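Read through the structure below, which is laid out as structure tokens, and then see the notes.
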Amino acid sequence: MTTKQKRYEALVQVYHGELYRFAYWLCQDPTIAEDLVQETFLRAWRSLDSLQDENAAKPWLLTILRRENARRFERKQFDYADVDNDTIVDNTGTSLDDEMEQAVIQRQINKLSVEYREPLLLQVIMGCSGDEIADILELNKNTVMTRLYRARNQLKEALTERQEPLKGAQN
2 MTTKQKRYEA LVQVYHGELY RFAYWLCQDP TIAEDLVQET FLRAWRSLDS
52 LQDENAAKPW LLTILRRENA RRFERKQFDY ADVDNDTIVD NTGTSLDDEM
102 EQAVIQRQIN KLSVEYREPL LLQVIMGCSG DEIADILELN KNTVMTRLYR
152 ARNQLKEALT ERQEPLKGAQ N
């Protein structure tokens with residue numbers, strides 16, 4: 002096995018799960034998320050020699066994934082259906098109340114504009130620092146921190162106002 006293959010397989014093993022989770026949050030479709038991750042790793046393979054610093058692999062892969070997600074809108078038009086968004090199922094033994102709360106939080110996050118949702122997801126889901134988010138989104142760190150602050154405030158306001166009633170809850 003060549004050195005390039007070993008580096009590539011190590012990247013896939015370490016980052017596949019995290020990239021899939023982020024892709025799912027971006028597109029809300031497991032099949033599209035799998036395709037995005039696959040395309041991301043294909044592009045990563047093609048330009049693996051350009052990755053000089055192994056510590057920069059995560060932001061590099063996230064940038065590729067974001068660009069792949071943007072490309073899918075350039076390539077084709079999607080059919081839209083009037084169906085509620087799927088939610089991520091967490092089988093860690095949560096109660097029904099916890100599941101409903103998670104669904105409400107996820108719905109509110111999805112309602113945030115992309116400029117606020119992406120940095121928030123990169124920080125919360127992917128565990129990226131402000132500097133990493135700035136690199137990935139090609140923004141100034143202060144802009145990233147402002148967007149994170151505003152995203153949290155919008156989320157907090159939406160959740161405290163309870164604009165969205167729980168399904169099945171009675172007033």
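Basically the numbering used here = 1-based index in the sequence shown + 1.
We put the beta carbon where it would ideally sit given N, CA and C, even for glycine.
Treat the numbers as computed from the prediction; the structure is a model and nothing was measured.
Note down, in chain order, each residue of its chain lying with its Cβ closer than 8 Å to the Cβ of ASN141, except the 5 sequence neighbours on either side.
-> For ASN141, where only same-chain residues beyond five positions count, the Cβ hits under 8 Å are ALA135.
How should ALA71 be labelled, buried or exposed, when 16 other C-beta atoms within 10 angstroms of its C-beta is the threshold for buried?
-> So ALA71 ends up on the exposed side.
Within the region 114-164, note down every full alpha helix (DSSP H) run reaching 4 residues or more, in order along the chain.
-> Every unbroken stretch of the alpha helix (DSSP H) spanning 4 or more residues and falling wholly within the region 114-164 is given here in chain order: 115-125, 131-138 and 142-162.
Using a Cβ-Cβ cut-off of 7 Å (strictly less than) and excluding sequence neighbours within five positions of LEU49, which residues of its own chain qualify?
-> Answer for LEU49: LYS5, ARG8 and TYR9, listed in chain order.
Could you check if LEU121 is buried or exposed, using at least 16 other CB atoms within 10 Å of its CB as the buried criterion?
-> Under this definition LEU121 is a buried residue.
What is the DSSP secondary structure of THR41, reduced to helix, strand or coil?
-> Assigned with DSSP and collapsed to three states, THR41 falls in helix.
Which stretch, first to last residue, makes up the alpha helix (DSSP H) that contains LEU27?
-> 4-28 is the extent of the alpha helix (DSSP H) around LEU27.
Mind checking ASN172: buried by the 16 CB within 10 Å criterion, or exposed?
-> Only weak support is given to the placement of ASN172: the predicted model assigns it a pLDDT of 47, under 50, and the question is left unresolved by the model.
Are the beta-carbon atoms belonging to ARG118 and ILE110 less than 8 Å from one another?
-> For ARG118 and ILE110, yes; Cβs fall inside 8 Å.
Under 8 Å by Cβ, that's how I've got ARG148 and GLU116 pegged, so tell me the actual separation to the nearest angstrom.
-> That pair is a contact at about 6 Å.
Selected residue, minimal CA-CA separation from ARG44, among LEU62, ARG153, GLN29 and PRO31 | Closest option to ARG44, Cα to Cα, is LEU62.
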